[in-house]
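Numbering (the working numbering), first residue to last: 87 to 393. A quick write-up on the structure given underneath.
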């Protein structure tokens, strides 16, 4: 089933680990920086996880004007030269298409800006899901941007919505573009974070109007000792070793799934090692006891996020 979003979102496929004996943590309350409080509850049991996990070293690529020109040729850039127009990237622009390659990660951002976020007055001609998957896979193959370990994840539709002024009543909505998204695992563990992205944007008449790829090359390193799930949950509740602070827009968070992942930093940040994190997923409950959204939090699996 195709999902709908307004703008861009972040999704990650999480691996399912076997659960051990139930550990009753009851409920815990943490005070937030703005003076409020969020109550955490654990539904069910914490997973049984090995006490060691392998870390990975990143092979950082060297980004030069020559390498960007070679990449650009695969995206149809001709008669234009790469430049450092934006800090941290080397880019190309031919009047319609834009290409940026991030120097610290080798990430590639390709877009036709006028077609990425169009303003429309009728439904664009978008492909069905199977056709969209084929278009995206073929495009990644032709531009040499399809990693061997990439797995199809989902298709998301970006929407243009017109609502009645002062209300939430939707007058008209159109699916403007499709995002074909891929996911990654390392040794069976999902890779999460802003630095694990591969998505192809498809617009009107099946045209590929954008692509974002940040997919660092890694090699195995040493095995390290990690926290127990119990310690990681305690850190979550107490606000310790949090990888990415997440504001829970509600009074209670019910944690329903806990698993390990590997964290990747954003495209514009240098990263040396891929470290494990605990991923906590669940539901946010408002003051009326009603579901108000999903929760996903990350805690370093090593003390202080260090090796």
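We treat Cβ as the ideally placed atom computed from N, Cα and C, and that holds for glycine.
- With a cutoff of 8 Å on beta-carbon distance, residue 231 and residue 299 are scored as near each other.
- Residue 378 is not bridged by DSSP to any residue.
- The Cβ neighbour count for residue 283, taken over all protein chains shown within 10 Å, is at least 16; the residue is labelled buried.
- In this structure residue 133 is in contact with residue 344, their Cβ atoms being roughly 6 Å apart against a cut-off of 8 Å.
- Around the beta carbon of residue 315, a 10 Å sphere encloses 16 or more other beta carbons of the protein chains shown; the residue is thus reported as buried.
- Contact annotation: residue 227 and residue 185 have beta-carbon atoms that are not nearer than 8 Å.
- Taken through DSSP and simplified to helix, strand or coil, residue 325 comes out as coil.
- Per DSSP, the beta bridge partners of residue 258 are 248.
- Cβ neighbours of residue 366 within its own chain (closer than 6 Å, five residues either side excluded): 322, 341, 344 and 383.
- By the 16-neighbour rule on beta-carbons within 10 angstroms, residue 183 is buried.
- Membership of residue 361 in the beta strand (DSSP E) is indicated by the continuous run 359 to 371.
- For a cut-off of 8 Å, the C-beta gap from residue 270 to residue 235 is around 6 Å, short enough to register as a contact.
- Assignment of residue 350 by DSSP, reduced to helix, strand and coil, places it in the coil class.
- In this structure, the CA atom of residue 152 is about 17 Å from the CA atom of residue 172.
- In the DSSP assignment, residue 319 forms no beta bridge with any residue.
- Around the beta carbon of residue 370, 16 or more other beta carbons sit within 10 angstroms, so the residue counts as buried.
- DSSP lists no bridge partner for residue 209.
- The C-beta separation of residue 329 from residue 286 comes to about 27 Å, leaving the pair out of contact by the 8 Å criterion.
- If you look at residue 225, you'll find it in the alpha helix (DSSP H) that goes 215 to 228.
- Between residue 272 and residue 388, the gap from beta carbon to beta carbon reaches 8 Å or more.
- According to the DSSP assignment, residue 151 belongs to the alpha helix (DSSP H) that extends over 151 to 160.
- DSSP places residue 203 outside both helix and strand once states are collapsed to three, so it counts as coil.
- Per the DSSP secondary-structure output, residue 183 pairs with nothing in a beta bridge.
- Per DSSP, the unbroken beta strand (DSSP E) holding residue 296 starts and ends at 294 to 300.
- For a cut-off of 8 Å, the C-beta gap from residue 248 to residue 202 is around 19 Å, too long to register as a contact.
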